[in-house]
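Comments concern the structure below.
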Amino acid sequence: MRVNSVRENNLNYLILNSTRQYASNIALSFGSDSVSYQHLYETICRLAQGLHQLGIRKGDRVAVMLPNIPQFPISYYAILKIGAICVPINIMSKAKEIHYLLGDSESKAIILWESFLPEVIKAVAGLDSCNHIITLGEKLVDDVINLTELIASSSALDEAVPVLPEDTAVILYTAGTTGYSKGAELTHRNLSFNALACAEIAKPGPSDVILGVLPFYHSFGQTVVMNAGLISGARIVLLSNFEPDAVFKVIKDEEVTIFASVPTMLRMLLDASVDKVDFSSIKYCLCGGAKLETSLMQAFEEKFGILINEGYGLTETSPVVSFNPFGFGRKPGSVGVPLKGVNVKVVDENGKELPPNKEGEIIVSGPNVMKGYLNRPEATKEVLKQDWFYTGDIGKIDEDGYIYILDRKKDLIIKGGFNVYPREVEELLLYHPKVKEVAVIGVPDSIQGEEVKAYVVLKDGKRASKDEIINYCQEHMALYKCPKYVVFLRQLPKSPAGRVLKRRLKAFTAAEET
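The sequence shown begins at 60 in the working numbering and counts up by one.
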């Protein structure tokens, strides 16, 4: 694969190229509505002009909080067309989280669906940077701009604002184990390279139908489905929610050929009570976002008669690092081999490369590795060393070059493909008037991969129920971050220095399950 020219390092040119080749073909299907490549690109150009007229300029950040509907890719590519930077926000985020993301990114505008408007209005309070709220829908309030009217009233911006391959295109926030989430700066080269590499692996084309149920605000859905699909001329069938019955119906009715998923989705489809499902149209089923248990892979493949190709990636790597080869060469239990042009090593604690089948930390280099974390030079230095990204994942590489993920170096919880970092949940719970101390860990879950479990110490004389603690979290943060399990303790296990010993809490959990 060749990604050398400025054009090949620009998603806008790649989308324009698809439009020139497949103008009348359907790019997006959403319910009974369809959008051709020509109409999609014209709408992108109109919104780009509208954003420019609002004062959005090259390098400015614009947040996008939309589900998988046509307006997401329209907004995404319009922002990139004027040289601005897109900041996707998880649609499950609440006001406090949105406030942080808008403030940290210094976003000058946010484009959102009307259902999220109440949380966004609370979120922008006290922010000087976010001057424009652009809403899709009719339930508007004063000073809110109607997205549909903005597009309709704007002429098309023909020429894209010039950008360099190393200019930041998208800031994706990723969870860590300490502090607030960090914004990974992904460049035009990062995203174009990764989209082209994914397209080269799965080889989607104008005859393919891709199921677009992975959220586009997530790095996996954004690159593997949206970007790779649209630069290849494929048709993407959009679903804004994952419901097994709806997925089964769409796969059959639309004759889906490529299905990208996370393990949670596979588990839910496997557990759905259906007598007969027609998956005969599917050529490829891709899986990533979290570790896929071999038992789940085998059960899914046996029930539905299709093979799963597992891959591996991180937000900081745009996100795909590796995939199992399609057809001959797949190794169940492995996340495959590195993308062409991407290098992967396993190293010891001193950074020395280890021989095959020796366990150590996985590090990655290549055109897909992020520029760094926004405004966090120290955090960037911790993970980017001599052009290598230290993933924090423990794994091994076999003698054939296949990568195996064994564990995580940090306490990061991956629930249904989404990152949850314990400290954010802990900090929220410490604001509860009855909570004295809290420690949060991830525990195995057959559906989500991992679930969130909170160990809580109450203040003297206070009483609280598990439901009270869970409901408190649900009021203040995205549901996927909230604990499913709550255990009350008299005290937390600690080291002599006062550090909570989470390994003992995990041992408690393991003992409870035996």
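Don't be surprised by glycine CBs; every beta carbon is placed ideally from N, CA and C.
Query: Go to His491, then tell me how far its beta strand (DSSP E) extends in each direction, as first and last residue.; Result: Note, His491: premise wrong, no beta strand (DSSP E); not H, not E.
Query: Can you give the Cα-Cα distance for Lys198 and Glu173, rounded to whole angstroms?; Result: 6 Å
Query: For Leu465, which three-state DSSP category applies?; Result: strand
Query: Looking at the strands, I want to know which residues DSSP matches up with Ile500.; Result: Lys512
Query: Going by C-alpha to C-alpha distance, which of Thr233, Glu178, Pro492 and Tyr72 sits closest to Arg435?; Result: Thr233
Query: Out of Trp447, Thr316 and Ser340, point me to the one whose CA is closest to Val380's CA.; Result: Trp447
Query: Tell me Cys344's beta-bridge partners as DSSP assigns them.; Result: Phe318 and Ile367
Query: Assuming contact is defined by CB atoms lying nearer than 9 Å, are Ala154 and Ile192 in contact in what I supplied?; Result: no
Query: What's the gap between the Cα of Gly90 and the Cα of Tyr276?; Result: 20 Å
Query: Alpha carbon to alpha carbon, how far is Phe567 from Arg389? Give it in angstroms, no decimals.; Result: 37 Å
Query: Using the beta-carbon count (16 or more within 10 Å), is Leu538 buried or exposed?; Result: exposed
Query: Report yes if the C-beta distance between Leu186 and His158 is below 9 Å; otherwise report no.; Result: yes
Query: Leaving out five residues before and five after Ala485 in sequence, what residues of the same chain have Cβ atoms less than 6 Å from its Cβ?; Result: The question names Ala, yet the displayed sequence has Glu at residue 485. Contacts found: Val497 and Val499.
Query: Classify Ser214: buried if its beta carbon has 16 or more other beta carbons within 10 angstroms, exposed otherwise.; Result: exposed
Query: Tell me which same chain residues have a C-beta within less than 6 Å of the C-beta of Ile422, skipping the five on either side of it?; Result: Lys404, Val406, Trp447 and Tyr449
Query: Could you check what DSSP says for Ser88 in three-state terms: helix, strand or coil?; Result: strand
Query: To the nearest angstrom, how far is the alpha carbon of Ser291 from that of Lys469?; Result: 37 Å
Query: Residue range of the beta strand (DSSP E) that Tyr232 falls in?; Result: Thr227 to Thr233
Query: List the residues that DSSP assigns as beta-bridge partners of Thr353.; Result: Note: Thr353 sits in no beta bridge, so no partner.
Query: Considering Val306, what are the terminal residues of the alpha helix (DSSP H) in which it resides?; Result: Pro303 to Asp312
Query: Measuring alpha carbon to alpha carbon, tell me which of Lys561, Val545 and Gln533 ends up nearest Met151.; Result: Gln533
Query: Specify whether the region 254–270 and the region 291–303 touch according to this definition: at least 3 beta carbon pairs, one from each stretch, less than 8 Å apart.; Result: yes
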